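Single-structure report; data block below.
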Amino acid sequence: MEKREAIYEGKAKIIYTTDDPDLVIQYFKDDATAFNAEKKGTIKEKGIINNEISEVLFRLLEKEGVPTHLEKRLNEREMLVRRLDIIPVEVVMRNVIAGSLAKRFGMEEGGSLSIPVLEHYYKSDPLGDPMINLFHIRALQLATDSEMQEVEKLSFRVNEVLRNFFDERDLILVDFKLEFGRHHGKILLGDEICPDTCRLWEKGSLEKLDKDRFRRDLGKVEEAYQEVARRVVG
Ligand code: 5GP
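Mapping to the numbering used here: the sequence shown position 59 is 86, numbers consecutive.
And the structure:
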């Protein structure tokens with residue numbers, strides 16, 4: 028497998044082409060941003076940890092019937108993945124009231140939701156990922172109805188599998204963000220699943236073990252990522 032040129036550099040990852048047009052390399056950086064890149068920093072070894080955690084979670088999801096872009100983890104910071112035509116819609120799944128949901132409804136963080144809530148956001152850095160609904164997705168032709176039905180079905184399945192997985196490790200899966208893409212006509216789960224993209228609270232103490240420690244200057248950021256890795260990767 029030959030690594031070729033960088034075709035995309037995001038806030039936390041770089042994507043490189045390879046000699047196989049169907050495969051790209053996802054490189055995990057230590058860079059961290061928040062509030063639409065207004066806050067910038069680095070979290071030591073975050074890239075290594077997120078690569079490892081994502082591999083474990085993608086493998087688990089594949090086993091549980093969710094097709095993902097993972098081919099294999101190559102080394103500490105690189106993962107070989109199937110090349111996707113990314114659907115520009117971020118899916119957020121929520122089990123517990125937190126973050127922007129708490130803010131929007133003026134509610135305390137930590138309240139439970141009677142059912143998981145699925146939200147859609149338009150993936151756009153310049154616009155700061157505004158919330159959208161299925162009518163916007165249809166009108167702007169971001170994805171077809173049948174693609175969005177598949178995305179919804181897979182997102183609920185991901186939530187079910189990951190909630191149980193984290194629960195067994197004494198972590199509450201509060202909420203998380205997913206991205207999907209097309210690969211030879213099939214919808215695959217892409218991006219990464221890690222403490223950058225999930226809210227994870229310790230059962231009992233409700234201590235935050237995710238990127239909110241960086242966003243909210245709570246300290247012990249690296250320690251939180253390492254603790255999640257310890258529980259997920261072992
Ligand atoms: P909220 O809408 O409350 O800010 O975020 C909900 C969940 O989705 C959180 O777990 C958050 O980490 C994740 N999330 C939403 N948008 C993004 C994003 O652009 N980048 C990352 N890393 N996570 C996001």
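For each residue, glycine too, the CB sits at the ideal point set by N, CA and C.
Just so we're clear, the structure is a prediction, and the values are computed from it rather than from any experiment.
Check, Outcome
"Terminal residues of the alpha helix (DSSP H) in which Gln176 lies", "172-195"
"Rounded Cβ spacing between Glu229 and Leu198 (contact assumed at less than 8 Å)", "7 Å"
"Cβ contact check for the segment 47-58 and the segment 100-108: 3 or more pairs under 8 Å", "yes"
"Bridge partner(s) assigned by DSSP for Glu135", "DSSP lists no partner for Glu135."
"Environment of Pro153 [buried if 16+ CB atoms lie within 10 Å]", "exposed"
"Where Arg243 falls, given that 16 or more other Cβ within 10 Å makes a residue buried", "exposed"
"Delimiting residues of the alpha helix (DSSP H) encompassing Asn77", "73-90"
"Rounded C-alpha distance that separates Val255 from Arg31", "32 Å"
"Residue(s) in a DSSP beta bridge with Met106", "Gln53, Arg100"
"Closer than 6 Å: Cys225 CB and nearest ligand 1 heavy atom", "yes"
"Near ligand 1: Val119 beta-carbon under 6 Å from a heavy atom", "yes"
"Cβ neighbour criterion (16 or more within 10 Å) applied to Pro222", "buried"
"Spatially closest choice to Ser81 from Lys247, Arg240, Glu249, Thr224, by CA coordinates", "Thr224"
"Cut-off 6 Å between Cβ atoms - residues of its own chain near Asp239, not counting five sequence neighbours on either side", "none"
"Any non-hydrogen atom of ligand 1 within 6 Å of Ser139 CB", "no"
"C-alpha gap between Ile157 and Ile164, whole angstroms", "In the sequence as presented, Ile is not what sits at residue 157; that position holds Pro. Cα to Cα, the separation comes out at about 12 Å."
"Continuous alpha helix (DSSP H) stretch holding Phe241: start and end", "239-242"
"Through-space distance from Ile41 to Leu16, alpha-carbon basis", "With the chain covering 28 to 261 only, the question about residue 16 has no answer from this structure."
"Reference Val108; option with closest CA among Lys130, Ile159, Ile76, Asp49", "Asp49"
"Closer than 6 Å: Phe203 CB and nearest ligand 1 heavy atom", "yes"
"Sequence-distant residues of the same chain with beta carbon closer than 6 Å to Asp218, five excluded per side", "Glu206"
"Per DSSP, the bridge partner or partners of His210", "Lys213"
"Ser182 Cβ short of 6 Å to ligand 1 heavy atom set", "no"
"Supposed contact pair Glu177 and Ile214 - C-beta distance, whole angstroms, cut 8 Å", "5 Å"
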